[in-house]
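Protein chains in written order, with the numbering used here: chain A, 1 to 389; chain B, 1 to 292.
The structure under discussion appears below in the form of structure tokens.
Okay, structure coming up:
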């Protein structure tokens, strides 16, 4: 009997030991980012957000997987800015690396490319840095997008905001990039519907090196507002040259660029009054997690987060975190959780309808004294719109 | 408007000419196709950025660091790779293709090492960005500084190749490499000097570009492409021609866009590029026989 008790105790200890080892096993989360190639400048703001979240989770004892806390370990690869490569990497992450969970790659094309892989392996993933009306047409099931900056909705809201500012005429300069051109299509429709005239309209290639002629033409048309439907690199050129040429209408909107950290680092107070796309601000008191995220990011990286990419990436991590706390790592349970639950994020509550975010409204931001404030729609505004300086 | 465009064309053109000068110098003397040239422009730009950010000095002083640094990298590459490689008959027989592959590898390594060291983030600093009126155009002071330095170096290069002994020796080497050796020109030494000068000019161009544009580890490739277009316009190995080629490209790009639409920029540039290759393969500013 005594032997039996000792044996039982020993086996119990061994079992407990196995359990503690299993509890300490990291949960492996895979993703690819463009660490090299043409999109490489976009990667750090997403990578930083992922790593901030991972470090916070690990510091708090690990990721809660249906009641068991496990440390987070990333398995990441460089997709060389190639969406095709991203698809191959996600295949490898699922089949060879056998990761437990996935986070998104960078950009719409890479998300679209990996969607088929997710579908094939029935592996659910919340994407992040993608925004296109193409997303609305994607088959719901294994991918979701938290952005609310979709071109069709922005095309409706931007003219409404301009109209509220008394704008009657605009000039438009558009980068020849699918996202910028998609935005232009919907904005032009919205402008027409709201009786706002377009006095100057020109597209330009992404590798443009001088915008003198382009901006001079827009300036000569004396618009009430300038809409620069820019992408990342050209946004800096536009900003520099519009200032050089003295083209600073009271209302100036830029699509992509201003929300990125490098932009305000380069231009500082010159950005004051500039409007841009985005749906998040640390000033939004209705979202109690917003400011702590901003502060933690600044404390870790000594610079503010990208108001689009960093925010969306961290938000996707939060959604993943809350989903696995409920559903664990079972893919089918996770899929149902993503599809049906409401998640509490730094961008407020998020619930998906199909693949897109159904709760966060389309918003616009304006840089005011070192921070981007939400200025549209009025119900969400953290500050009133000011004139461009 | 037109004076505005003239200044814009001159600024772009002088930078293009400067970058192409370095590329053409290396190609002209050694027939090496340096597709990593733009990456040395990038190194010069990063050098200026960090000098300005860390020490607060003027980017003009950063030239004193960037030029020796890029020239030094040239020395390392010359002794580390090309001097040895050029002793091999097989390498020399296919020198253009081989050098293109070596520089392509160099480009990938330099870009990714820079991204690893400094992150791929875009960076920039503000330098003399106040606006002044110049010849009826409003121009930021930094662009006038860029124009003045780039133009001075280009004009200096033309004079150097016409009157100095070293410049004439380089010209001789470009025109008749074997004959130059026979008349006592120290070919190996001139090769090294041109290699260093080519890289140094790229570094200088990088410093100037950083004064007016944002920089990133991957900024170099478009400048390499532009430099090749300019070199084809001016004539491969024709150093003086490449200076005029740079200006021509600046004018073509700026006025072409103003007269048509920005979307036609690349179409215009590459149409001229292909036309020159077909109808005047020796370049717009060179004769079929003589170079420089």
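For glycine and all other residues, C-beta sits at the position ideal for the given N, C-alpha and C.
Exposure of residue i, with buried meaning 16 or more beta-carbon neighbours within 10 Å
i: residue 22 of chain A; result: Because the pLDDT at residue 22 of chain A is just 46, under 50, the model does not fix this residue reliably, and the point stays unresolved.
i: residue 66 of chain B; result: buried
i: residue 373 of chain A; result: buried
i: residue 305 of chain A; result: buried
i: residue 164 of chain B; result: exposed
i: residue 112 of chain B; result: buried
i: residue 177 of chain A; result: buried
i: residue 390 of chain A; result: Only positions 1 to 389 of chain A appear in the structure, and residue 390 of chain A is not among them; the question remains open.
i: residue 97 of chain A; result: exposed
i: residue 151 of chain A; result: buried
i: residue 108 of chain B; result: exposed
i: residue 125 of chain A; result: buried
i: residue 164 of chain A; result: exposed
i: residue 142 of chain B; result: buried
i: residue 84 of chain B; result: exposed
i: residue 265 of chain B; result: buried
i: residue 156 of chain B; result: exposed
i: residue 367 of chain A; result: buried
Closer than 7 angstroms at the beta carbon, the chain A residues around residue i
i: residue 5 of chain B; result: 212 and 213
i: residue 57 of chain B; result: The contacting residues do not exist; residue 57 of chain B stays about 19 angstroms from chain A at best.
i: residue 218 of chain B; result: 38 and 40
i: residue 119 of chain B; result: 44
i: residue 8 of chain B; result: 210 and 212
Cβ distance (whole Å) where residue i is taken to contact residue j below 8 angstroms
i: residue 239 of chain B; j: residue 34 of chain B; result: Rounded, the Cβ-Cβ distance is 14 angstroms, inconsistent with contact.
i: residue 316 of chain A; j: residue 146 of chain A; result: 6 angstroms
i: residue 114 of chain B; j: residue 42 of chain B; result: 7 angstroms
i: residue 154 of chain B; j: residue 17 of chain B; result: 5 angstroms
i: residue 271 of chain A; j: residue 230 of chain A; result: Actually they do not touch by this definition, with Cβ atoms about 13 angstroms apart.
i: residue 70 of chain A; j: residue 248 of chain A; result: About 53 angstroms separates the two Cβ atoms, so there is no contact after all.
i: residue 309 of chain A; j: residue 42 of chain A; result: 7 angstroms
i: residue 201 of chain B; j: residue 22 of chain B; result: 4 angstroms
Residue-level contact to chain A via CB, residue i, 7 angstroms cutoff
i: residue 128 of chain B; result: no
i: residue 242 of chain B; result: no
i: residue 110 of chain B; result: no
i: residue 230 of chain B; result: no
i: residue 214 of chain B; result: yes
i: residue 257 of chain B; result: yes
i: residue 254 of chain B; result: yes
i: residue 124 of chain B; result: yes
i: residue 202 of chain B; result: no
i: residue 291 of chain B; result: Annotation note: pLDDT 46 at residue 291 of chain B (below 50); position unreliable, no value reported.
Partner residues on chain B for residue i, Cβ-Cβ distance less than 7 angstroms
i: residue 176 of chain A; result: 263
i: residue 208 of chain A; result: 262 and 265
Residue-chain proximity (residue i, chain B), Cβ-Cβ < 7 angstroms
i: residue 223 of chain A; result: no
i: residue 262 of chain A; result: yes
i: residue 271 of chain A; result: no
i: residue 253 of chain A; result: no
i: residue 83 of chain A; result: no
i: residue 236 of chain A; result: yes
i: residue 266 of chain A; result: yes
i: residue 303 of chain A; result: no
i: residue 370 of chain A; result: no
Chain-ordered neighbours of residue i on chain B, where CB pairs are closer than 9 angstroms
i: residue 204 of chain A; result: 257, 261, 262, 263 and 265
i: residue 341 of chain A; result: Those within 9 angstroms of residue 341 of chain A in chain B number zero; the least Cβ separation is about 35 angstroms.
i: residue 246 of chain A; result: 131 and 138
Chain-ordered chain A contacts of residue i [CB-CB under 8 angstroms]
i: residue 245 of chain B; result: Going along chain A, no residue has its Cβ under 8 angstroms from residue 245 of chain B, so there is no contact; the nearest lies around 16 angstroms.
i: residue 115 of chain B; result: 35, 36 and 40
i: residue 12 of chain B; result: 209 and 210
Amino acids of chain B, ordered along the chain, whose beta-carbon sits closer than 8 angstroms to that of residue i
i: residue 60 of chain A; result: Residues of chain B passing the Cβ test: none, with the nearest at roughly 27 angstroms.
Neighbouring residues, chain A, relative to residue i (Cβ below 9 angstroms)
i: residue 222 of chain B; result: 207 and 209
C-beta neighbour in chain D for residue i, strict 7 angstroms
i: residue 39 of chain A; result: Going by chain labels, chain D is absent from the structure shown, which instead holds the protein chains A and B.
Query raised in the report: Where in the segment 30-108 of chain A do unbroken runs of the beta strand (DSSP E), each at least 3 residues long, occur, reported from the N-terminal end onward?
Result: 63-65, 68-70 and 72-78
Report task. Counting only runs of 3+ residues fully inside the segment 189-260 of chain A, write out the beta strand (DSSP E) ranges in chain order. Result -> 197-204, 225-229 and 251-254
Report task. Could you name each continuous beta strand (DSSP E) segment of 3 residues or more that falls completely within the segment 144-194 of chain A, going from the start of the chain to the end? Result -> Segments of the beta strand (DSSP E) lying fully in the segment 144-194 of chain A: 169-175.
**Report entry** Runs of alpha helix (DSSP H) lying entirely within the segment 138-224 of chain B, each at least 4 residues, in chain order
**Finding:** 141-163, 165-175, 177-182 and 187-212
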